[in-house]
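In this text, residue positions in the sequence shown follow the numbering used here: the first is 2, and each later residue adds one.
Note that the Cβ used here is the ideal one computed from N, Cα and C, for glycine as well.
The structure displayed is predicted, hence computed values, not measured ones.
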Amino acid sequence: MMLLPLAATAFSTAIILLLCLGDPKRRRSARITGEGQGTAIRRVLAGAALLPGLFYAVSGSGAAFLIWLGGCGVAGWLVTLLLSPAQSGETQRR
């Protein structure tokens, strides 16, 4: 029974990764060619990422909802760290 919230977290994590890869602001700052995703696509993906949590909230499964919510929070931070530009040991001065 515990595998279903983990699968839901993996599903949401995959969509969070897609959102990060297609984010136009991140692509511009990283100087990656291409436009990235449009507003409509980003909204649909964000809604799809929230569907498992909405299912758990409506079904009244509080434990599964909290597992999914915490997993998505951790996954979001990990995706951000993995796709961020490499930081040097020196502090940049402006």
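Sequence-distant Cβ neighbours of P53 in its own chain, meaning closer than 7 Å and more than five residues away, are A9, F12, S13, W69. Not a single unbroken stretch of the beta strand (DSSP E) spanning 3 or more residues falls wholly within the stretch 18-84. Within 10 angstroms of the beta-carbon of L79 lie fewer than 16 other beta-carbons, which makes it exposed.
For P6, same chain residues with a beta-carbon under 6 Å away, outside a window of 5 residues either side, are A65, I68, W69 in chain order.
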